[in-house]
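In this text, residue positions in the sequence shown follow my numbering: the first is 4, and each later residue adds one. As structure tokens, the structure follows; a few thoughts come after it.
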Amino acid sequence: MSSIFHYSSNEGAFGIIKSRRIFATNYKYLNDLQEIELVREILVPIFARDFRDEASELIHQGKLKSDFLKEYGERVFTDEGNRLLNVAIEITDKTTPIFIASFCRHEAESEQWEHGLLSQWRGYGTYGGCALEFDEEGIEKLIAVEKQDYAFSHVSLCDVQYDNYAKVFEEQEVNVEGLARATLQRLINDPIEEDKSFADGMRHLYGAISLTAPRLKSAAFREEREVRIVAPCMRPAAAAEFPTRKRRPILMRFRNGLPIPYIELFVDAPQLPIKRIIVGPQRDQGKVAYALELALEAAEMSVEVALSDISYLP
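Here it is in structure tokens:
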């Protein structure tokens, strides 16, 4: 059975053991400032091209003034493409904000699998951290229950893509071709009835933001081989569509005075599928390991506690 590793502070590791749940953080508050934004590389050029094609057709039909391009320039199409994406992201944030829990994948029996990833340990600095090894199949089973019982647009466990971003769009069958044209047509023609091409395009655009964008990450982070739980959590207005499902409340914790929105996953699970906990390099490594053993005993969890022998001391 394959494993995935969740790195956390010492405090976070004890919190997971005690609460028997995993926290997923709103994507805006993660360490990578490019979260969700990499999707622009794929979508905006498509939108810009479609806006340009439709504008040319509307000029030909006399519905746009002939000096439109002279007045606004080619840049207007890219600007409008960005504006369309911004509106879609804003709507997503207001209805089904995206929450993410991160893991790393390490090859079985590898140095990283045995002792953890040095770059992750460095991230926790003086206070140290732990890596909780989870059974991937066990996490998948918990996710199946979560998305069945609770108001999420979806919950998925997925590998992060560090290059060839278009591949993710193909896998998810996301197609936003024609959406920008339909958007411009609606602005010009002011249709009374819902346009199917516009509705379909918006549905695909939401899929691009909620399903695809969270899987894209800069190649600079490639060594982490990140695996993510992606959970767009429905706020009350969106959840009203599914009255039989319960809602996960959006909670807050604070970091240096900044409120960090998060949700708790697997609250109803009797046990988390933790296989092992690696205590990272730190000054009181042995003491942390002993305390973890006591906490696991109190929680009636049979989990191995191991010490990383990476020679790094913050």
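Glycine included, every Cβ here is placed at the ideal spot set by N, Cα and C.
Check                                                                                                                                                                                : Outcome
Assign E44 to one of two classes, buried (16 or more other C-beta atoms within 10 Å of its C-beta) or exposed (fewer than that).                                                     : exposed
If contact is defined by three or more beta carbon pairs under 8 Å, each pair taking one atom from either stretch, is the stretch 142 to 149 in contact with the stretch 203 to 223? : no
What's the C-alpha gap between E176 and L299?                                                                                                                                        : 43 Å
Within 10 angstroms of the Cβ of M255, are there 16 or more other Cβ atoms? Answer buried if so, exposed if not.                                                                     : exposed
What residue range does the alpha helix (DSSP H) around H207 cover?                                                                                                                  : 199 to 210
Can you say whether F257 is buried or exposed, counting buried as having 16 or more other CB atoms within 10 angstroms of its CB?                                                    : exposed
May I have the straight-line CA-CA distance separating V308 from R24, to the nearest angstrom?                                                                                       : 19 Å
By DSSP, does T28 sit in helix, in strand, or in coil?                                                                                                                               : strand
Mind checking T247: buried by the 16 CB within 10 Å criterion, or exposed?                                                                                                           : exposed
Which residues does DSSP pair with I281 in a beta bridge?                                                                                                                            : A134, A309
What do you get for A132, buried or exposed, if any count of 16 or more other CB atoms within 10 angstroms of its CB means buried?                                                   : Looking at the sequence shown, residue 132 is not Ala but Gly. It counts as buried.
Go ahead and label G1 buried or exposed: buried means 16 or more other beta carbons lie within 10 angstroms of its beta carbon, across all protein chains shown.                     : Shown here, the chain extends from 4 to 317; a query on residue 1 therefore has no answer.
Starting from the Cα of S311, find the closest Cα among K249, F54, W124, Y293 and give me that residue.                                                                              : W124
Do I7 and F106 have their C-beta atoms closer together than 8 Å?                                                                                                                     : yes
In three-state terms, what does DSSP make of F8?                                                                                                                                     : strand
Check this for me: beta carbons of I266 and R251, under 8 Å apart or not?                                                                                                            : yes
What separation, rounded to the nearest whole angstrom, lies between the Cα atoms of I103 and P235?                                                                                  : 9 Å
My output table needs one value for I253: the three-state DSSP class, helix, strand or coil.                                                                                         : coil
Taking just the CA atoms, how far does R108 sit from E229?                                                                                                                           : 6 Å
If you draw a straight line from the C-alpha of V42 to the C-alpha of A294, how long is it?                                                                                          : 43 Å
Could you give the DSSP three-state label for E226: helix, strand or coil?                                                                                                           : helix
Identify whether E176 lies in helix, strand or coil by the three-state DSSP scheme.                                                                                                  : coil
Please state the DSSP three-state secondary structure of P235.                                                                                                                       : strand
Let me confirm a value: Y209 is counted as buried when at least 16 other C-beta atoms fall within 10 Å, else exposed. Which label applies?                                           : buried
May I ask you to report which of helix, strand or coil DSSP gives P273?                                                                                                              : coil
Which residues in the same chain as Q37 place their Cβ atom closer than 8 Å to its Cβ, once the five residues preceding and following it in sequence are excluded?                   : K220, S221
Counting only runs of 3+ residues fully inside the stretch 81 to 140, write out the beta strand (DSSP E) ranges in chain order.                                                      : 101 to 107, 132 to 138
Leaving out the 5 sequence neighbours to the left and right, which residues in its chain are closer than 8 Å to K278 when beta-carbon positions are compared?                        : S6, E136, F137, D138, V306, E307
Mapping the DSSP letters down to three states, classify E267 as helix, strand or coil.                                                                                               : strand
Measure how close the beta-carbons of F80 and F54 come, nearest whole angstrom, since I'm counting them as under 8 Å.                                                                : 4 Å
So the beta strand (DSSP E) S159 belongs to, where does it begin and stop?                                                                                                           : 159 to 162
Got a sec? Which residues, its chain only, sit under 8 Å from F17 by beta carbon, not counting five neighbours each side?                                                            : A294, L295, A298
Would V291 be called buried (16 or more neighbouring beta carbons within 10 Å of its own) or exposed?                                                                                : buried
Would you identify the three-state DSSP class for Y153, choosing helix, strand or coil?                                                                                              : strand
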